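Step one of this worksheet: look at the structure below.
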Amino acid sequence: MSSNNTSSAEEMTSQDLEARLNQWRTNIDAIKRSYFAEAVHIGDVDARLDQAQHKLYNWITNVKLMQEKQKLLSQELDFINESQKELEDEVDKINVPEETKSDTSIATSVDELSEKLTSLNMEMSKRSSDTVSEPKIVIAKILNAQLSSLEILSQRINQMRQDIQIKDCFDYDVIDELGSVYDG
1 MSSNNTSSAE
11 EMTSQDLEAR
21 LNQWRTNIDA
31 IKRSYFAEAV
41 HIGDVDARLD
51 QAQHKLYNWI
61 TNVKLMQEKQ
71 KLLSQELDFI
81 NESQKELEDE
91 VDKINVPEET
101 KSDTSIATSV
111 DELSEKLTSL
121 NMEMSKRSSD
131 TVSEPKIVIA
141 KILNAQLSSL
151 EILSQRINQM
161 RQDIQIKDCF
171 DYDVIDELGS
181 VYDG
């Protein structure tokens, strides 16, 4: 076999060798172009993945903030519910039917009510400069404060809903972006 290779190499002319070298160069250039095209594609995919990772990190951060806001709103709602329950208990004590009232229970109820109203009055006078002596006005102010709290809570809930809708739209953008990275 070595004699065949030697004889075939001796039979090749310089033009044949040059043609073969040119063919190899062409093949190597094609391989280089393919390699560079693949490297550019990988770089593009890597950049899109970095971008998607950044968006996902921001989304996770925003979700955590929303959860914290929701926790605060839940605490505010619990406080409002407790205040409302206390107020209802006080109103129920005021509206005791006449048949169930006895002299001692009336005196006890009046004393308890007087103590509670005094503490409510003191609390209200701390919050405002005017002094209120009538229980109906105190109750009305408490109700107004609770209604204001509920209104603020409602506004915050609506703001959270809007924020969540914005985050949902953002979420679909991230999913579309990730899909295009893997499709591309």
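Start counting the sequence shown at 1; every next residue gets the next number (the UniProt record's numbering). Yeah, the Cβ is synthetic: ideal placement off N, Cα and C, and Gly gets one too. Treat the numbers as computed from the prediction; the structure is a model and nothing was measured.
Is there contact here, the segment 65-74 with the segment 159-166, by at least three beta-carbon pairs under 8 Å?
They touch, by the three-pair rule.
Is it true that the segment 54-61 meets the segment 141-152, where meeting means three or more beta-carbon pairs spaced less than 8 Å apart?
The segment 54-61 vs the segment 141-152: no contact.
Can you tell me which of the three DSSP states M12 falls into?
If DSSP states are grouped into helix, strand and coil, M12 belongs with coil.
How should A52 be labelled, buried or exposed, when 16 other C-beta atoms within 10 angstroms of its C-beta is the threshold for buried?
A52 is buried by the Cβ-count criterion.
Let me check understanding here. Comparing Cα to Cα, which of S34, I164, S74 and E38 lies closest to I152?
Among S34, I164, S74 and E38, the Cα nearest to that of I152 is on S74.
Are S154 and E76 close, meaning C-beta to C-beta below 9 Å?
It is not a contact, given that the beta carbons lie outside the stated cut-off.
Suppose contacts are defined by Cβ-Cβ distances below 9 Å. Is Q146 in contact with L87 by that definition?
Yes, these two residues count as a Cβ contact at 9 Å.
Taking the straight line between their C-alpha atoms, what separation do you get for I42 and I31?
Whole-angstrom Cα-Cα distance: 16 Å.
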